[in-house]
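Asks:
In our numbering, the protein residues as written are 28 to 468.
(1) Under a three-way DSSP split, which group does residue 144 fall into?
(2) Please classify residue 145: is it buried, with 16 or more other beta-carbons within 10 angstroms of its beta-carbon, or exposed?
(3) What is the DSSP secondary structure of residue 110, counted as helix, strand or coil?
(4) With hydrogens ignored, establish whether the beta-carbon of residue 363 is closer than 7 Å to any heavy atom of the ligand GTP.
(5) For residue 92 versus residue 98, is the C-beta spacing smaller than 8 Å?
(6) Who are the near neighbours of residue 426 in its chain, counting only those whose CB is closer than 8 Å to its CB and skipping five residues on each side?
(7) From the DSSP output, in three-state form, read off residue 288 for me.
(8) Which term fits residue 289, buried or exposed, when burial requires 16 or more other beta carbons within 10 angstroms of its beta carbon?
(9) With H, G and I counted as helix, E and B as strand and the rest as coil, what does DSSP make of residue 459?
(10) Within 10 angstroms of its Cβ, does residue 244 collect 16 or more other Cβ (buried), or is it exposed?
(11) Write down every uninterrupted run of the alpha helix (DSSP H) in the region 416 to 453 whose length is 4 residues or greater and which is fully enclosed by it, in chain order.
(12) By DSSP, does residue 308 sit in helix, in strand, or in coil?
(13) Could you give the residue range of the beta strand (DSSP E) that holds residue 477?
(14) For residue 267, count the other beta carbons within 10 Å of its own beta carbon; 16 or more makes it buried, fewer makes it exposed. Which is it?
(15) Check whether the region 216 to 227 and the region 236 to 250 are in contact - that is, three or more C-beta pairs closer than 8 Å.
(16) In the DSSP assignment, find the beta strand (DSSP E) that holds residue 76 and state where it starts and stops.
(17) Comparing C-alpha positions only, which one of 168, 131 and 357 sits nearest to residue 103?
(18) Is it the case that the Cβ atoms of residue 418 and residue 428 are separated by a distance below 8 Å?
(19) Buried or exposed for residue 176, please, with buried defined as at least 16 other CB atoms from any protein chain shown within 10 angstroms of its CB.
(20) Please give me, in chain order, every unbroken run of the alpha helix (DSSP H) with length at least 4 that falls completely inside the region 161 to 243.
(21) Please go through the same chain and pick out, in chain order, the residues whose beta-carbon is closer than 7 Å to the beta-carbon of residue 317, but skip the five residues on each side of it.
(22) In three-state DSSP terms, what is residue 335?
(23) Does the region 299 to 314 touch the region 148 to 156, meaning 3 or more C-beta pairs lie closer than 8 Å?
(24) If residue 193 and residue 248 are in contact, beta carbons under 8 Å, what's the gap, nearest whole angstrom?
(25) If you follow the alpha helix (DSSP H) that residue 328 is in, where does it begin and where does it stop?
(26) Which same chain residues end up closer than 7 Å to residue 445 when comparing Cβ atoms and leaving out the 5 residues on each side of it in sequence?
(27) Residues bridged to residue 157 by DSSP?
(28) For residue 421, I'd like the list of residues in its chain whose CB is within less than 6 Å of its CB, leaving aside the five on either flank, ordered along the chain.
(29) Tell me which residue opens and which closes the alpha helix (DSSP H) that residue 368 is part of.
(30) Please list, in chain order, all residues of the same chain as residue 398 whose beta carbon is under 7 Å from its beta carbon, the five residues on each side excluded.
(31) Over the uninterrupted alpha helix (DSSP H) stretch that includes residue 122, give me the two end residues.
(32) Per DSSP, what kind of secondary structure is residue 313 in: helix, strand or coil?
(33) Quick check: the region 359 to 379 against the region 201 to 212, are there 3 or more CB pairs under 8 Å?
(34) Does the separation of the CB atoms of residue 186 and residue 355 fall below 8 Å?
(35) Would you call the CB atoms of residue 154 and residue 182 closer than 8 Å?
(36) Do you know how far the Cα of residue 364 is from the Cα of residue 230?
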């Protein structure tokens with residue numbers, strides 16, 4: 028599996044963990060909660076400052092604060108303080124605080140934040156944390172592939188703690204009504220989509236309106252599902268490869284047949300949620316916890332098995348959220364000890380059912396509070412093993428991925444495809460040119 032990260036809010040799509048561009052501000056997709064300003068130094072007054080984001084409802088931040096401030100350090104290590112940092116303008120909040128040495132010692136944040144601040148020499152590598160996790164047995168508890176993308180030639184830039192993934196969902200009652208099977212590959216998606224079109228339903232639901240990045244993620248997911256991707260295994264730009272062209276040609280075929288809603292180009296998160304809730308969407312890629320997200324827990328919304336691409340490829344897009352440490356700390360050993368202890372208490376957040384995200388630890392995926400939802404179990408079993416990040420065809424994360432994820436090139440590409448007024452190669456060429464103008468060499 029490959030990995031990356033992102034965020035969510037009512038303004039974004041619940042990728043619960045949003046990758047951001049260095050120059051772009053962003054807002055989350057779950058309801059914002061908590062508060063606080065970035066006013067103390069990372070050293071503070073002899074405490075390890077932990078900054079956390081509004082990953083879910085306010086109850087999440089209350090629980091996370093209880094874990095952090097309840098941390099009882101061993102003799103010689105410092106206690107921790109907890110502060111919620113809002114997603115709105117979060118990159119600027121971190122940047123200005125780090126520049127003035129008033130930032131945190133440890134934090135969650137945007138998916139590529141650690142890689143961006145690493146370039147500025149502000150990140151403390153987590154190798155000693157990894158060593159400690161190995162000693163206490165927790166390293167072996169990581170799901171396969173979630174840790175490796177954070178390892179650079181200088182060390183581990185961060186430690187993953189939750190995963191935002193893009194599974195396929197379907198509404199059982201619409202498939203029963205249409206008398207068609209749930210798609211297992213692209214041809215069956217096309218045929219089922221035509222049937223739903225004749226019924227006035229949407230065969231492949233998505234959206235790319237203001238604040239909705241599900242459409243962006245769909246573009247990349249379909250490339251990955253065909254063995255393609257934006258980058259080569261070594262990290263070079265590779266937008267125009269044949270597998271990407273084939274994937275975009277297929278998306279354009281779905282658009283031309285009305286299987287993708289013609290209005291999807293303007294659908295906000297609320298529009299897309301409403302389409303699923305109102306039983307207009309039959310099939311599509313979305314986030315974890317769609318029934319709760321759209322307010323329909325009748326059991327009619329179900330995770331589909333991953334589709335096979337025309338060459339037999341299967342893939343899912345994933346965003347691994349991480350916790351990072353900073354060089355500005357009153358005690359690096361205390362930062363490391365706190366992070367190890369905090370990771371050891373993460374299960375409480377899932378036990379309390381506060382997280383709309385996958386855990387990174389196998390033991391948490393086996394908790395009854397997690398396995399009580401069969402969709403969760405299916406995602407872990409069928410999607411996590413084939414998951415890839417925006418780095419694909421490569422596997423290593425880097426700061427350039429924030430530019431891809433939060434920049435205008437991908438937004439413009441998605442809008443072009445969803446309008447259908449293009450051909451695959453022309454759209455991909457424009458996408459490549461847009462990325463080349465902003466990616467760091």
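Every residue gets a Cβ at the ideal spot worked out from N, C-alpha and C, and that includes glycine.
Since we're looking at a predicted model, the values are computed, not measured.
Replies: So, from the listed chains and residues:
(1) helix
(2) buried
(3) strand
(4) By its list of ligands, the structure shown contains no ligand whatsoever, and the ligand GTP lies outside what it can speak to.
(5) no
(6) 49, 139, 142, 143, 145, 146 and 467
(7) coil
(8) exposed
(9) helix
(10) buried
(11) 427 to 433 and 435 to 446
(12) strand
(13) Since the displayed the chain opens at 28 and closes at 468, residue 477 lies outside it and no answer follows.
(14) exposed
(15) no
(16) 75 to 79
(17) 357
(18) yes
(19) buried
(20) 199 to 205 and 213 to 226
(21) 196, 303 and 328
(22) strand
(23) no
(24) 6 Å
(25) Unbroken run through residue 328 is the beta strand (DSSP E), 328 to 330; no alpha helix (DSSP H).
(26) 235, 242, 282, 287, 291 and 292
(27) Bridge partners of residue 157: none, in fact.
(28) 258, 260 and 262
(29) 359 to 371
(30) 404
(31) 117 to 126
(32) coil
(33) no
(34) no
(35) yes
(36) 50 Å
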